[in-house]
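Below: one structure, written as structure tokens.
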Amino acid sequence: MFEFAIFFFFAAVAVIFALVVVLHHNPVVGALALVASFFALAVMYVLLEAPFLAALQVIVYAGAIMVLFLFVIMLLNLQHRREEPTRPVQQFLGYTGSAAFLITLVYYIVKYAAFQALPAGTFNSDVRMIGTELFQAYIFPFEMVSILLLAAIVGALLLSGRSVRTSAQ
Amino acid sequence: MIPTHWFLILSAVLFAIGVCGVLTRKNGITIFMSIELMVNAVNLTFLAYARQFHQLHGLIFVFFVMAIAAAEAAVGLAIFISLFHHRETIDVDEANLMHW
């Protein structure tokens, strides 16, 4: 019963802050609301018996990625800009389209994915198991991700570094 | 124990909110944050199914998704900074040409 209370409380937190991200006009408020939503999702990961990924969610998402977002928003000084509203037809299609999408998804989840029981036994997902799997079966994707991150660093420097480009020309 | 489909429904709700943000906003950074929201909703689905089927693969996929989202955020924000230097705006309607 206590688990259900935690689930509903943090599910409500995640959904409300996600709505703030989408509806609020100030991107700084949106970024901070997204951090709150990610913290609530980390609680969901703990409830799903994945504490390692909950820690990663807090450190990588709420810590690193959202700080990057906040830095860019504040660097470009976007919080004082008025955002032009989208056309009414686009607003209407966006809201009704996503609502229809949500209703369809929930309908099919309830119809086909309503598992009655979880399998017996505890789900052992500690860091040792994940590490062993990652460095044995998934070693090639792991190395590819490291190359991808290197490419992202080079790309980000090339795109955003004005001085680098002007000195090269 | 909380049944798996409740997590799936929460994930569907978050994904739909993200879709709504991408479709109705013009601010590039907000659209990007909505995409991050959708990525997280899919991560929640992966973890829910990982627990349902006692499979570690779901957890490892979430690990990779986080790494790729970090790379995507770095490059995407760099593109917005570059766009802002050229156009003084990050309104996505203004960025309708590949070259300027």
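Residue numbers (the working numbering), protein chains in the order written: chain A, 15 to 183; chain B, 23 to 122.
Backbone N, C-alpha and C fix where the C-beta goes; we use that ideal spot for every residue, glycine too.
Computed from a predicted model, the values in this text were never measured in an experiment.
| Check | Outcome |
| --- | --- |
| Would you say the segment 99-118 of chain B touches the segment 48-61 of chain B, given that touching needs at least three Cβ pairs under 8 Å? | yes |
| Taking only the alpha-carbon atoms, compute the straight-line gap between residue 163 of chain A and residue 54 of chain B and give it to the nearest angstrom. | 19 Å |
| With DSSP collapsed to three states, give me the class of residue 94 of chain B. | helix |
| Which residue from A:36, A:58, A:30 and A:28 puts its Cα closest to that of residue 26 of chain B? | A:58 |
| For the segment 107-124 of chain A, which residues have a beta carbon sitting closer than 8 Å to at least one beta carbon of chain B? | 107, 108, 109, 111, 112, 113, 115, 116, 119, 120, 123 and 124 |
| Measure from the C-beta of residue 41 of chain A to each C-beta in chain E and report whether the shortest distance is under 8 Å. | The chain labelled as chain E is not found among the protein chains of the depicted structure, namely A and B. |
| Sort out for me which residues DSSP pairs residue 49 of chain B with in a bridge. | B:113 |
| Is it right to say residue 101 of chain A is buried, meaning 16 or more other beta carbons lie within 10 angstroms of its own, or is it exposed? | exposed |
| Mind checking whether residue 80 of chain B and residue 60 of chain B have CB atoms under 8 Å apart? | no |
| Assign residue 38 of chain B to one of three DSSP states: helix, strand, or coil. | helix |
| With respect to the alpha helix (DSSP H) encompassing residue 136 of chain A, which residues constitute its N-terminal and C-terminal limits? | Residue 136 of chain A -> no alpha helix (DSSP H), and no H or E assigned at all. |
| Check the Cβ of residue 2 of chain A against every Cβ in chain B and list those closer than 8 Å, keeping chain order. | Within the shown structure, residues of chain A are numbered from 15 to 183, placing residue 2 of chain A beyond reach of any answer. |
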